[in-house]
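Chemist:
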Amino acid sequence: MEDNKFKILSLDGGGVRGYLTAKILENVESYLNRVNDENINIGQRFDLIAGTSTGAIIAGLLAIGKSAKEVREFYDDYTVEIFGKKRNWLQQLYKPKYDNSFLEMKAKELFGEKSLKDVETDILITSVALSTAKARFHKSGYFDRNGERLDEKLSDIVLASTSAPTYFKAKEKLEHSSNLIDGGIVANNPSLVALIDAFQFKDESLRKHKKPEKFEDVTLLSIGTGEICCVPYKYEKLKHGGLFNWAKPISDIVLEAQSQLASYQTGFVLKNGNYLRINPKLKMEMKLDDVSQIDELKNIADLEYTHEQFLKQKF
Numbered sequence: 001m002e003d004n005k006f007k008i009l010s011l012d013g014g015g016v017r018g019y020l021t022a023k024i025l026e027n028v029e030s031y032l033n034r035v036n037d038e039n040i041n042i043g044q045r046f047d048l049i050a051g052t053s054t055g056a057i058i059a060g061l062l063a064i065g066k067s068a069k070e071v072r073e074f075y076d077d078y079t080v081e082i083f084g085k086k087r088n089w090l091q092q093l094y095k096p097k098y099d100n101s102f103l104e105m106k107a108k109e110l111f112g113e114k115s116l117k118d119v120e121t122d123i124l125i126t127s128v129a130l131s132t133a134k135a136r137f138h139k140s141g142y143f144d145r146n147g148e149r150l151d152e153k154l155s156d157i158v159l160a161s162t163s164a165p166t167y168f169k170a171k172e173k174l175e176h177s178s179n180l181i182d183g184g185i186v187a188n189n190p191s192l193v194a195l196i197d198a199f200q201f202k203d204e205s206l207r208k209h210k211k212p213e214k215f216e217d218v219t220l221l222s223i224g225t226g227e228i229c230c231v232p233y234k235y236e237k238l239k240h241g242g243l244f245n246w247a248k249p250i251s252d253i254v255l256e257a258q259s260q261l262a263s264y265q266t267g268f269v270l271k272n273g274n275y276l277r278i279n280p281k282l283k284m285e286m287k288l289d290d291v292s293q294i295d296e297l298k299n300i301a302d303l304e305y306t307h308e309q310f311l312k313q314k315f
């Protein structure tokens, strides 16, 4: 185990496929506790947890001390209800596909009045401001520049990051922000964002390891929501398609392309063996809101030998 590395956990967006992330993390948590003869929640092993959209929910829960098992149970219990009732096709022309009132209620139950001041592990959550089309990131106390925003409620931040266009409405009102949408628009895979921030940590923070001075000082574990085996749309129709053809698939294309690019770039920068990306290939076509196939994700969440060797060495 390497105790001297600054450790980052990065969690992708991906809708209901966040169940895969949660299940993988549960397996990682169980494996590390078993080989180290410990009982430590996975979030406590890291200095910084970064999350986007569904990854923001997971990041927030881990940062307040929840176990990966508890996170997975949340997805088991509530995913179907969150994505359970679609508006009809006519309503979807003018309103988001889903009403997010149930998700809002659960976020308030899970996080209560906790804010960025209350996390046990430093956290980075992504979102985008509609009014400026710029990234709006939410960071715990490791970053002086955002110090006046530390009383922002975690429930509001998570709702902002999960407000995927066409799926859920924007998060209109937060304490220090307004009209925010899904962070996946800018960083569906937040690995690079987290890596850059690691070098800007101030001395007074929650980190457990030394602030990095070079890339070799960082260990980064990135968990995806599954690499698509085939695109969930008819690409032949898009080659010469217009607004009607592109309306639905554009989100899937943007999120997948951005995530893969960030994965490649992070791996290129951290090519000293300190980077692991776990993102199993999906064995079926699965859209971001396809709750019917959640159980199938269990079959691809097991750790591989190379994963175990990395985890044993680094943690």
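All residue numbers in the sequence shown are consecutive under the numbering used here, ending with 315.
Don't be surprised by glycine CBs; every beta carbon is placed ideally from N, CA and C.
(1) Would V80 be called buried (16 or more neighbouring beta carbons within 10 Å of its own) or exposed?
(2) Going by C-alpha to C-alpha distance, which of P165, L180, K283, H176 sits closest to K134?
(3) Starting from I294, trace the alpha helix (DSSP H) both ways and give me its first and last residue.
(4) Based on Cα-Cα distance, which residue from E308, A198, D203, E256 lies nearest to F215?
(5) Go ahead and pull the three-state DSSP assignment for N27.
(6) Evaluate H176 with the Cβ neighbour count: other Cβ atoms within 10 Å of its Cβ, from every protein chain shown; 16 or more gives buried, anything less gives exposed.
(7) Could you give the distance in angstroms between the alpha-carbon of Y98 and the alpha-carbon of S53?
(8) So, helix, strand or coil for D217, using DSSP?
(9) In chain order, which continuous runs of the alpha helix (DSSP H) of length 4 or greater are located wholly inside the stretch 35-110?
(10) Looking at the structure shown, is S115 part of a helix, part of a strand, or coil, going by DSSP?
(11) Does the separation of the CB atoms of Y78 and G18 fall below 8 Å?
(12) Taking three-plus beta-carbon pairs below 8 Å as touching, is the stretch 107-114 in contact with the stretch 30-40?
(13) Round the Cβ separation of L261 and G184 to the nearest angstrom and send it over; I've been treating them as touching at under 8 Å.
(14) Considering just the uninterrupted stretch of the alpha helix (DSSP H) at F168, what are its terminal residues?
(15) Drop a sphere of 10 angstroms on the beta-carbon of M105, count the other beta-carbons inside from all chains shown, and report buried for 16 or more, exposed for fewer.
(16) Using only the alpha-carbon positions, how far apart do E68 and R87 sit?
(17) For G273, count the other beta carbons within 10 Å of its own beta carbon; 16 or more makes it buried, fewer makes it exposed. Which is it?
(18) Residues bridged to K182 by DSSP?
(19) How many Å lie between S161 and Q91 at the Cα?
(20) Over what stretch of residues does the alpha helix (DSSP H) that includes F310 continue unbroken?
(21) Does DSSP put R136 in a helix, in a strand, or in coil?
(22) Between the C-alpha atoms of K298 and L288, what's the straight-line distance to the nearest angstrom?
(23) Using beta-carbon positions only, say whether G226 and R277 come within less than 8 Å of one another.
(24) For E227, name the three-state secondary structure that DSSP assigns.
(25) Would the beta-carbon of T126 fall within 8 Å of that of V193?
(26) Can you tell me which of P190, V269, A22 puts its alpha carbon nearest to the alpha carbon of I49?
(27) Give me, in chain order, the residues of the same chain whose beta-carbon lies closer than 6 Å to that of M286; leave out the 5 immediate sequence neighbours on both sides.
(28) Pairs of beta-carbons, one from the stretch 136-146 and one from the stretch 24-35, closer than 8 Å: are there three or more?
(29) Quick one: measure Cβ to Cβ for L62 and L110, integer angstroms, because I've assumed they're closer than 8 Å.
(30) By the three-class DSSP mapping on this structure, what secondary structure does Y19 have?
(31) Distance, Cα to Cα, G55 vs V16?
(32) Specify the secondary structure class of F199 as computed by DSSP and reduced to three states.
(33) Between which two residues does the beta strand (DSSP E) harbouring I8 extend?
Modeler: According to the data block:
(1) With fewer than 16 Cβ atoms within 10 Å of its Cβ, V80 is classed as exposed.
(2) K134 has its Cα closest to that of L180, out of P165, L180, K283, H176.
(3) Residues 294-297.
(4) Selected option, being the one with the closest Cα: A198.
(5) Helix.
(6) Looking at its Cβ environment, which holds fewer than 16 other Cβ atoms inside 10 Å, H176 is exposed.
(7) Cα atoms of Y98 and S53: separation of roughly 15 Å, rounded to the nearest angstrom.
(8) D217: helix per DSSP, three-state reduction.
(9) Fully contained in the stretch 35-110 are the following alpha helix (DSSP H) runs of length 4 or more, in chain order: 54-63, 68-82.
(10) Reduced to three states, the DSSP call for S115 is strand.
(11) Not a contact, by the Cβ cut-off of 8 Å.
(12) Because the criterion of three Cβ pairs below 8 Å is not met, the stretch 107-114 and the stretch 30-40 do not touch.
(13) Their Cβ separation, rounded to whole angstroms, is 13 Å, which puts L261 and G184 out of contact at 8 Å.
(14) Boundaries for F168: no alpha helix (DSSP H) harbours it, and the DSSP string shows neither H nor E there.
(15) When all chains shown are included, M105 counts as exposed.
(16) Per the sequence presented here, residue 68 reads as Ala, with Glu not at that position. If you take the alpha carbons of A68 and R87, they lie about 32 Å apart.
(17) For G273, the number of other beta carbons within 10 angstroms of its own is below 16, and it is reported as exposed.
(18) The displayed chain sequence assigns Asp, not Lys, to residue 182. As a beta-bridge residue in DSSP terms, D182 pairs with S127.
(19) Taking the straight line from one Cα to the other gives about 23 Å.
(20) Run containing F310: 305-314, per the alpha helix (DSSP H) assignment.
(21) Under the three-state reduction of DSSP, R136 is assigned to coil, being neither helix nor strand.
(22) If you take the alpha carbons of K298 and L288, they lie about 16 Å apart.
(23) Using a Cβ distance threshold of 8 Å, G226 and R277 do not count as a contacting pair.
(24) If DSSP states are grouped into helix, strand and coil, E227 belongs with the strands.
(25) For T126 and V193, yes; Cβs fall inside 8 Å.
(26) When only C-alpha atoms are compared, the closest one is P190.
(27) Taking M286 as the centre and dropping the five residues before and after it, the same chain places the C-beta of Q293 closer than 6 Å to its C-beta, in chain order.
(28) Cβ pair count under 8 Å is below three, so no.
(29) Contact between L62 and L110 fails: their C-beta atoms lie close to 12 Å from each other, not under 8 Å.
(30) Of the three classes helix, strand and coil, the one that applies to Y19 here is helix, per DSSP.
(31) G55 and V16: Cα-Cα distance of roughly 10 Å.
(32) Note: F199 maps to coil in three-state DSSP.
(33) 6-11 is the span of the beta strand (DSSP E), which, as asked, contains I8.
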